[in-house]
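Here is the structure we will look at.
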Amino acid sequence: MRYKRTAIIGIGLIGGSFALAAKRAGIVETVVGVARSDETLRAALEVSAADEVTTDSAEAVREADLVYIAVPVGATRGVFEQIRDSLAPGALVTDAGSTKREVMQAAAELLPDHVTFIGGHPMAGSEQSGVRAARADLFEEAVYFLIPTDTTSQEDLDRMQQVVRALGAIPSVQTAHNHDRIAAATSHLPHLVSAALASTVAKLAGDNQEVQSFVGTGFTDTTRLAEGSPEVWRDILMSNADNLGDSVEELIGALQTLTVALREADSAACERLLTEAQQARWRLTNQ
Ligand code: NAP
């Protein structure tokens, strides 16, 4: 398996890491990187994520046999509209968006029958963004969700799984519905909590320099995710709002239970809740 010409639309953290990992694995030859800004395009060439660059998505895909879309989820429909008439017959088209129902719907509506689209989502990343933060080893050992369509053949799914394995990742085939439910609880809720926590602590600290100087590892560990790109995360949260709303309600219930224990000075209840949380964390991270 070797792709002669790969178009990466959105050559940022994830698109750039895909390029570096795929080049390292020897599965791609020429990589054409697409972004909006000249600064990103220059950086993509400098870090060797791309061999050629352009701001024109349609031009980039014209002779590509592999197309990897890694723009914010909300921009994906627009990219499909830009590239649909330029895609080469037989091309394998995939994306890296963190939510999948909207993307799969848009692909079904917009992409031509002469290409294969399989949705994707690597469960790897970081709070950094941009191609300068891209790493060839980003996907190693990570679960990589793949979402086939109703018409995806086993042969095409195998092709996509080969690409994912070449990155060092572990493919997991899911429906879009299931994927979004899982991701709401395991990825999107932690991000939302991290963001709310950072804002709340900042509000409590106010202008008090003394409080600010006591911000320690507890704060930095639990708010690392809040550093993520607001543009990327806005699209993720908004496109999974229904599932995320359910997860947030669960969280509010847990906070209320803890608050009652505090207000009623119920130290036994407090310890019980913390013990349950300690065991839950251990179970979830030691599987
Ligand atoms: P990023 O580092 O900000 O990169 C996004 C790239 O997309 C940038 O290069 C940006 O160009 C480009 N872009 C934005 N809109 C575009 C458009 N309309 N046409 C062409 N290029 C466009 O973001 P990222 O973290 O790589 O995220 C990319 C995708 O991966 C998102 O869908 C996200 O949900 C998904 N994802 C992210 C993570 C994570 O941890 N970050 C993990 C898994 C999946 P400019 O630089 O010129 O603005």
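For the sequence shown, position 251 (counting from the first letter as 1) is numbered 258 according to our numbering, and the numbering increases by one without interruption. For each residue, glycine too, the CB sits at the ideal point set by N, CA and C. The structure displayed is predicted, hence computed values, not measured ones.
Terminal residues of the continuous alpha helix (DSSP H) containing F87?
-> 83 to 90
Helix, strand or coil for V171, going by three-state DSSP, please let me know.
-> helix
Using the beta-carbon count (16 or more within 10 Å), is K107 buried or exposed?
-> buried
Determine the extent of the beta strand (DSSP E) in which R31 is found, giving its start and end residues.
-> That residue, R31, is in no beta strand (DSSP E); its alpha helix (DSSP H) goes 20 to 32.
Note the first and the last residue of the continuous alpha helix (DSSP H) segment covering T13.
-> Not the alpha helix (DSSP H): T13 falls in the beta strand (DSSP E), residues 10 to 16.
With a threshold of 8 Å, establish whether the CB of P129 neighbours any heavy atom of the ligand NAP.
-> yes
Helix or strand or just coil, what does DSSP make of P96?
-> coil
If you measure from the CB of E148, is any heavy atom of the ligand NAP nearer than 8 Å?
-> no
Contact under 9 Å by Cβ, A95 with D72 | yes
For V305, collect the residues of the same chain with a Cβ closer than 6 Å to its Cβ; drop the 5 residues on either side in sequence, then sort them by chain order.
-> Outside the displayed range of the chain (8 to 294) lies residue 305, so it cannot be described from this structure.
From A164 to P155, what distance separates their C-alpha atoms?
-> In the sequence under discussion, the amino acid at residue 164 is Leu, which differs from the Ala named in the question. Taking the straight line joining both Cα atoms gives about 7 Å.
For the beta strand (DSSP E) containing T1, list its first residue and its last residue.
-> Nothing in the structure corresponds to residue 1, since the chain is present only between 8 and 294.
Rounded to whole angstroms, what's the CA-CA distance from E257 to L280? Just pull it up for me.
-> 14 Å
Could you pull out every residue in the same chain whose Cβ sits closer than 8 Å to the Cβ of M111, ignoring the five residues on either side in sequence?
-> G126, I154, T156, A183
Taking the continuous beta strand (DSSP E) assigned at V74, which residues delimit it?
-> 73 to 76
Which first and last residues belong to the alpha helix (DSSP H) in which E59 is found?
-> It is not in any alpha helix (DSSP H) - E59 instead sits in the beta strand (DSSP E) that spans 59 to 61.
Nearest-angstrom Cα distance between A56 and Q135?
-> 17 Å
In whole angstroms, what separates the C-alpha of Q285 from that of P178?
-> 30 Å
Kindly list the residues whose CB is nearer than 7 Å to the CB of H195, restricted to its own chain and excluding five residues on each side of it in sequence; keep chain order.
-> I243, L244, N247, L251
Report yes if the CB atom of P79 is closer than 9 Å to the CB atom of G17, and no otherwise.
-> yes
Do A29 and V38 have their C-beta atoms within less than 9 Å of each other?
-> yes
Range of the contiguous beta strand (DSSP E) that encloses F124 | 123 to 129
Do L20 and V54 have their C-beta atoms closer together than 9 Å?
-> no
Cβ distance (whole Å) where F152 is taken to contact A114 below 8 Å = With a Cβ gap of about 15 Å, F152 and A114 do not count as contacting.
According to DSSP, which residues form a beta bridge with I154?
-> G126
Check: D187 C-beta below 8 Å from any heavy atom of the ligand NAP = no
Cβ-heavy atom distance between P79 and the ligand NAP below 8 Å?
-> yes
Taking 9 Å as the cut-off, decide whether the C-beta atoms of L204 and T229 are in contact.
-> yes
Quick one: Cα of G97 to Cα of A209, how far?
-> 52 Å
According to DSSP, what are the bridge partners of P178?
-> Y151
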